[in-house]
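Residue numbers (our numbering): 53 to 333. Idealized CB from N, CA, C, for every residue including glycine. Accompanying notes for the structure given below.
Shown next as structure tokens:
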């Protein structure tokens, strides 16, 4: 079975009718793995013809709202549809988030159980918290490693390897990106934050100060491309876009640094892992 990623959400916290916030679905080795789960993720899965109940693994890069607000809906809806097991992986704080949601939804869960649904898949969710980089001990037929990124909350990038296939999800990160380049060394695909794309006519209150601060937390397309170049990856997938970004400008900026395949996806695009060999620049 070929390895691919569905870009369920390619946007940011900023409201954008064309792009949902961050979520990805990795298909590798016969497994479907959800990486981040922003608001609307479950319906994006439905639109992509992916039964939410088939997903038994969720990985969170970090716990910002635009990466996890869709988890409550996914947790309940996929259980209602028949999911009977779930493993959740994320930074410290993930278990607290999960437990608070279950507590908040207690009456809802009890009602649905009174209709005949079992408690398996909702009261026995396994939560694995990551405290440091290295191998992630999760029961998958896939090797998973992580590295800590530069962000304002604990944030981890993940690398998934199965035989000759490898996909890396960078999460949100700012320079220096050397830990991400090391994690992604020789990977087939690197999905990278490129939030720092200049947008036209930004009317956000206090936009200048916000833009200045964002540079401490995110990357430009050129910085993402530099990471891909250092890591010698085959495909660079840019994401986490603000509203009104210009795809051509983003592509041109990244292509000035990285000579591999660069993809500027839209929501629900399916990206297949390339088998092409990259000539290192």
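query	result
Residues that DSSP places opposite residue 287 in a beta bridge	241, 313
Opening and closing residue of the alpha helix (DSSP H) in which residue 95 lies	93-99
Among 181, 163, 232, 110, the one whose alpha carbon lies nearest that of residue 144	181
Close beta carbons around residue 299, own chain, < 7 Å, minus the five adjacent residues each side	316
Residue 137 classed as buried or exposed, judged by whether at least 16 other C-beta atoms fall within 10 angstroms	exposed
With 16 other Cβ atoms within 10 Å as the buried cut-off, status of residue 241	buried
Residue interval of the alpha helix (DSSP H) (run including residue 128)	123-132
In DSSP terms, what residue 72 is bridged to	Residue 72 is not bridged to any residue.
Residue 173 classed as buried or exposed, judged by whether at least 16 other C-beta atoms fall within 10 angstroms	buried
Contacts around residue 312, its chain only, beta-carbon distance under 7 Å, and the 5 residues preceding and following it disregarded	280, 285, 286, 287, 288, 330
Contact set for residue 195: own chain, Cβ-Cβ below 6 Å, skip 5 residues either direction	213
Boundaries of the alpha helix (DSSP H) in which residue 120 is found, first to last residue	117-120
Enclosing beta strand (DSSP E) for residue 139 [first to last residue]	139-143
The beta strand (DSSP E) enclosing residue 84, as first and last residue numbers	83-89
Cβ pair count under 8 Å reaching 3, the stretch 114-124 against the stretch 82-97	yes
Proximity winner among 225, 219, 245, 247, relative to residue 237 (alpha-carbon distances)	219
Member of 102, 158, 201 whose CA lies at the smallest distance from the CA of residue 135	102
CB-CB length for residue 271 against residue 245, believed under 8 Å	5 Å
Inter-residue Cα distance where the pair is residue 155 and residue 306	45 Å
Option nearest residue 128 by Cα separation, candidates 302, 164, 278, 318	164
Chain-order list of residues whose beta-carbon lies under 7 Å from that of residue 233 (same chain, five-residue window excluded)	279, 282, 283
Beta-carbon proximity check, residue 153 vs residue 124, cutoff 9 Å	yes
CB of residue 58 within 9 Å of CB of residue 100, strictly	yes
Reference residue 146; option with closest CA among 206, 190, 185, 106	206
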